[in-house]
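Trainee:
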Amino acid sequence: MNSITLINNDTFKIINTIPDNSIDLILTDPPYNLSQYSTGNIKLPWRSELNNDIAEWDKIEFSPELLVKDFLRILKPTGNIFAFTSYNLIGKWHQAFDKHFDTFQFMVWHKTNPTPKVFKAGFLNSCELIVCMWNKGHTWNFLGQNKMHNFIESPICMGKERLKNPKHPSQKPIKILKHIIKIASNEGDVVFDPFMGVGSTGVAALELKRNFIGIEINKEYFNASKKRLNNIQLSLF
Ligand SMILES: C[S@@+](CC[C@H](N)C(=O)[O-])C[C@H]1O[C@@H](n2cnc3c(N)ncnc32)[C@H](O)[C@@H]1O
0 MNSITLINND TFKIINTIPD NSIDLILTDP PYNLSQYSTG NIKLPWRSEL NNDIAEWDKI
60 EFSPELLVKD FLRILKPTGN IFAFTSYNLI GKWHQAFDKH FDTFQFMVWH KTNPTPKVFK
120 AGFLNSCELI VCMWNKGHTW NFLGQNKMHN FIESPICMGK ERLKNPKHPS QKPIKILKHI
180 IKIASNEGDV VFDPFMGVGS TGVAALELKR NFIGIEINKE YFNASKKRLN NIQLSLF
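What follows is the structure, encoded as structure tokens:
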């Protein structure tokens with residue numbers, strides 16, 4: 000059985016307890032700091048509010064630079080880092096991490112069902128960016144030329160997969176997370192998500208026979224992750 004370690008705390012206070020050279024893949028989805036550009040949720044008379052991803056945790060200033068020292072310390076030399084981010088932070092990720100890695104690339108996730116632009120004044124926000132980085136000798140399972148585009152399509156997380164209570168505004172689809180985990184780690188490896196939300200990275204990791212360590216600051220999301228991951232582990236046993 001693969002192991003799960005879940006921590007309900009502030010990553011910046013607790014990450015120093017993760018041992019050196021112990022992580023094979025950091026796959027994470029930290030705050031985007033996008034709320035400063037948002038006009039808020041849109042109320043419409045004929046349907047439920049359109050979600051513009053306003054969350055309290057997204058209003059706190061987040062800088063990728065704050066993660067460099069610990070990410071370098073805990074990642075094995077064969078490890079990979081993948082982090083979801085947004086247009087406003089991609090330059091900061093590059094500035095903070097590129098100099099420490101042989102390769103810095105990005106993927107685009109195209110959401111096939113983005114929130115509509117009701118006022119038709121601009122593009123739909125249908126793409127999310129995922130930065131990725133590694134050094135020579137990193138774990139890399141090349142899946143075939145046509146499966147290795149740095150572009151992936153999937154709807155946003157919905158239906159049975161989407162948790163209702165609590166509802167997390169940025170729960171990521173398992174399909175995207177599994178695609179990355181398959182490429183960038185092997186069975187038995189340790190996957191780490193220091194901003195785990197409701198534990199989607201953990202679900203994908205366990206279902207692919209990887210071990211998982213997750214940190215989440217919010218008690219409600221943490222409890223939801225714990226329940227979700229324990230259920231997955233029982234169903235796999
Ligand atoms: C974009 S969401 C991650 C969603 C996740 N990928 C999922 O599918 O559920 C970012 C998460 O980071 C958490 N967070 C923000 N600051 C944190 C911190 N300093 N330490 C730990 N978690 C934090 C938030 O509460 C939020 O749930």
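So the sequence shown is numbered by numbering that gives the first Met the number 0: it starts at 0 and just counts up by one.
For every residue, glycine included, the Cβ atom is placed at its ideal position computed from N, Cα and C.
1) From Q104 to V130, what distance separates their C-alpha atoms?
2) Could you check whether N79 and W139 sit closer than 9 Å to each other, using their CB atoms as the reference points?
3) So is the beta-carbon of T200 under 8 Å away from any non-hydrogen atom of ligand 1?
4) With distance defined between alpha-carbon atoms, name the residue in P29, I182, G121 nearest to Q170.
5) Could you give the residue range of the alpha helix (DSSP H) that holds G90?
6) How far does the alpha helix (DSSP H) with Q104 in it extend, from its first residue to its last?
7) Quick test of your reading: S62 and L128, contact by CB under 8 Å. State the CB separation rounded to the nearest angstrom.
8) Could you pull out every residue in the same chain whose Cβ sits closer than 8 Å to the Cβ of I89, ignoring the five residues on either side in sequence?
9) Could you give the DSSP three-state label for V117: helix, strand or coil?
10) Which residues in the same chain as H137 place their Cβ atom closer than 6 Å to its Cβ, once the five residues preceding and following it in sequence are excluded?
11) Based on Cα-Cα distance, which residue from A203, L233, S199, K91 lies nearest to A223?
12) Using the beta-carbon count (16 or more within 10 Å), is M195 buried or exposed?
13) Ordered along the chain, which non-local residues of its own chain (more than five positions away) have a Cβ less than 7 Å from that of D57?
14) Does the beta-carbon of T10, which I'm using as the reference point, lie nearer than 8 Å to any heavy atom of ligand 1?
15) Within 10 angstroms of its Cβ, does R161 collect 16 or more other Cβ (buried), or is it exposed?
16) Are I6 and E215 closer than 9 Å when you measure CB to CB?
17) What alpha helix (DSSP H) runs, 4 residues minimum, are completely inside the region 173-209?
18) For N20, which residues in the same chain have their Cβ closer than 6 Å to its Cβ, ignoring the five residues on either side in sequence?
19) Residues bridged to F155 by DSSP?
20) Output the distance between the C-alpha atoms of S125 and I13, rounded to the nearest integer angstrom.
Mentor: So, from the listed chains and residues:
1) 6 Å
2) yes
3) yes
4) P29
5) 89-96
6) Note, Q104: premise wrong, no alpha helix (DSSP H); beta strand (DSSP E) at 102-110.
7) 17 Å between Cβ atoms; not a contact.
8) F105, L128, V130
9) coil
10) T77, N79
11) S199
12) buried
13) P30, Y31, N32, L33, S34
14) yes
15) exposed
16) It is a contact, given that the beta carbons lie within the stated cut-off.
17) 173-183, 199-206
18) K75
19) Here residue 155 is Ile; the residue named in the question, Phe, does not match the sequence. Answer by DSSP bridge pairing: none, since I155 is not bridged.
20) 34 Å
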